[in-house]
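Position one of the sequence shown corresponds to residue 494 (our numbering), numbered consecutively onward. A quick write-up on the structure given underneath.
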Amino acid sequence: MEDGISVLADFDSALFEHEEPPLVSLYLPTHGRAGAEEDRIRFKGLVEEARGKLAQEFAHREHTGVDARLDEVAARLEELASPVPGGSLAVLVGNDRAYLYQLGYVAGPLAFAGERFYVRPLLKNFSFGSRYFLLGLSADRFAFVHGDFGSLDRVELPADVLDEFSEEFPLVYDGHEGALDYSSLENHMPPYHGYKSRNDVRKEEAGKFFQHVNKVVTEYLAQGTELPVILVSLPEHQAAFRRISTVPRLLHEGIEKDIGGMEAPELLADAKAVIEHVREARADELLEKLGDAAPHGGGSTDLSAIGLALVERKVRALFVAEGAYIPGGFDDETGEVFLFEREPHGRFQGPELADAFARAALAQDAEVFELAPEKIPGDSGMAALYRY
Numbered sequence: 494m495e496d497g498i499s500v501l502a503d504f505d506s507a508l509f510e511h512e513e514p515p516l517v518s519l520y521l522p523t524h525g526r527a528g529a530e531e532d533r534i535r536f537k538g539l540v541e542e543a544r545g546k547l548a549q550e551f552a553h554r555e556h557t558g559v560d561a562r563l564d565e566v567a568a569r570l571e572e573l574a575s576p577v578p579g580g581s582l583a584v585l586v587g588n589d590r591a592y593l594y595q596l597g598y599v600a601g602p603l604a605f606a607g608e609r610f611y612v613r614p615l616l617k618n619f620s621f622g623s624r625y626f627l628l629g630l631s632a633d634r635f636a637f638v639h640g641d642f643g644s645l646d647r648v649e650l651p652a653d654v655l656d657e658f659s660e661e662f663p664l665v666y667d668g669h670e671g672a673l674d675y676s677s678l679e680n681h682m683p684p685y686h687g688y689k690s691r692n693d694v695r696k697e698e699a700g701k702f703f704q705h706v707n708k709v710v711t712e713y714l715a716q717g718t719e720l721p722v723i724l725v726s727l728p729e730h731q732a733a734f735r736r737i738s739t740v741p742r743l744l745h746e747g748i749e750k751d752i753g754g755m756e757a758p759e760l761l762a763d764a765k766a767v768i769e770h771v772r773e774a775r776a777d778e779l780l781e782k783l784g785d786a787a788p789h790g791g792g793s794t795d796l797s798a799i800g801l802a803l804v805e806r807k808v809r810a811l812f813v814a815e816g817a818y819i820p821g822g823f824d825d826e827t828g829e830v831f832l833f834e835r836e837p838h839g840r841f842q843g844p845e846l847a848d849a850f851a852r853a854a855l856a857q858d859a860e861v862f863e864l865a866p867e868k869i870p871g872d873s874g875m876a877a878l879y880r881y
């Protein structure tokens, strides 16, 4: 992107490990076009707060580039802000560039300035299922949709795939997209790729169609991604498709409804519920492994031990209690943990250990979970499962 601004979607370890300070991290809840003026005023306030912190800790000459990048983002805020009402904009700024994440959930308002980016509000964005695919399926139609926390977007089929369907299924496909137009889904859809409905679709024809859909999704649409796939179809079609499916990362839990009869908000809510269920099950599975492994040195709730394990790059999963605020940090070369006295007013005024641990864990491709405090073993507010 021009003007020293990059809009990112995934975690970039080089960005978080090597960017030179001073660094500013801003998190702004956004309200879509209707709330653009309110967002502009709030962002201005966050920038002023960050600049005040910079002035306290750094000489002006050390952050002239940061000031320029903040001005650039402010000038283009409406263009750059999350298009999803109820979303947020994460703005991570160094002297050379500004890095932005458009989040589909509320984070902030928060303003941090220091030697590292503050990434903890981004954990949800980097966690499993923050982006996913929906495969909507009936006996003679299918949809492939990309989703995140706040939006759904139809994935277009390549022209050669459309031609192939036209040849394979001449009775159900006439070569023109948009045979159905679900206006209730507005710009998120229409989902189906132009297959005419037939009142009497034989089971063997449906089976043949499922085989072809499986091939297209596996070889074209899901190829080269690590995103999970959620099957959206009636129970009888769920069972039939799963018997023959080779789709990578097809989740065991699906949405047992006809996608053609669903409005976008319902579909989005159901998809997020599936992702949350899978996340909870994954966290529970790894916590059980931690319980078995910790007595044998395969994990720990001790902060010093976790710091050392992160330096040794052997953390498989990090668990952080929601709301845990631990003033401190750790030396990313020795693993030594240092803690500060908690500020009496409870506001962030310096490094925070959970953020530092999470940043280091993400940099080594560990899974990071923020969970209810009662689910975290021990009393430190954090726990780690090791790879070995």
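Where is the CB? At the ideal position from N, CA and C, for every residue including glycine.
Nonlocal neighbours in the same chain, by C-beta distance under 7 Å from residue i, ignoring five residues either side
i    : result
S581 : Y520, L521, P522, T523, S575, L596, Y598, V599, A600 and G601
I768 : G622 and Y625
K807 : Y879, R880 and Y881
E773 : none
E746 : V767, H770 and V771
E565 : D496, G497, I498 and A591
Residues near residue i by beta carbon distance below 6 Å, same chain, minus five either side
i    : result
L603 : Y520
S873 : T794 and L796
N588 : G558 and V559
L720 : R624, Y625 and F626
F862 : A776 and F812
P728 : E749
Residue i, DSSP secondary structure in three states
i    : result
A876 : strand
D505 : coil
F703 : helix
Q731 : helix
L744 : coil
V808 : strand
F833 : coil
F605 : strand
F751 : Residue identity check: residue 751 is Asp in the sequence provided, not Phe. In the structure shown, D751 sits in coil (DSSP, three-state: anything other than H, G, I, E or B).
I737 : helix
A567 : helix
A561 : helix
P515 : coil
V500 : strand
L615 : helix
L585 : strand
L673 : Confidence at L673 is low in this model, with a pLDDT of 28, below 50, so its placement is unreliable and the value that follows should be read with caution. Coil, per DSSP.
V709 : helix
A600 : coil
A814 : strand
L573 : helix
CB contact flag (residue i, residue j, <8 Å)
i    : j    : result
V706 : F635 : yes
L627 : G640 : yes
L630 : L724 : yes
G497 : R590 : yes
I737 : F703 : yes
L803 : L846 : no
A699 : D633 : yes
V771 : L744 : yes
V586 : A851 : no
G800 : E826 : no
E572 : P514 : no
Spatially closest choice to residue i from the options, by CA coordinates
i    : options                   : result
P788 : K701, A877, E860 and D848 : A877
L563 : S518, F551, A548 and Y594 : S518
G558 : A762, P728, E512 and G800 : E512
R880 : A865, E860, P578 and R609 : E860
G545 : H730, F862, A606 and P578 : A606
S499 : R772, H556, P515 and A583 : A583
K617 : E778, V813 and K868       : V813
A502 : Q549, Q731, Y594 and E867 : Y594
L864 : L779, D858, G525 and A715 : L779
D848 : E867, A817, G717 and K868 : A817
F551 : L516, Q731 and K765       : L516
S620 : A732, L855 and M875       : L855
A529 : F504, A561 and P578       : P578
Residue range of the alpha helix (DSSP H) that includes residue i
i    : result
S797 : L796 to V804
Q549 : A529 to E550
F850 : L846 to A856
E778 : A757 to A786
Residue i beta carbon near the ligand NAD (any heavy atom closer than 7 Å)
i    : result
D633 : Absence of the ligand NAD is noted for the structure shown, with no ligands found whatsoever.
Enclosing beta strand (DSSP E) for residue i [first to last residue]
i    : result
H639 : F635 to G640
G579 : Unbroken run through G579: none, as it is neither H nor E.
L714 : Unbroken run through L714: none, as it is neither H nor E.
F862 : E860 to L864
L596 : A591 to L596
L628 : Y625 to L630
R647 : L645 to R647
F610 : Taken as a continuous stretch (DSSP letters only), F610 belongs to no beta strand (DSSP E), as it is neither H nor E.
G822 : G821 to F823
I723 : V722 to V725
Residues of its chain near residue i, where Cβ-Cβ distance is below 8 Å and the 5 sequence neighbours each way are ignored
i    : result
E834 : P820
A567 : R533, F536, K537 and V540
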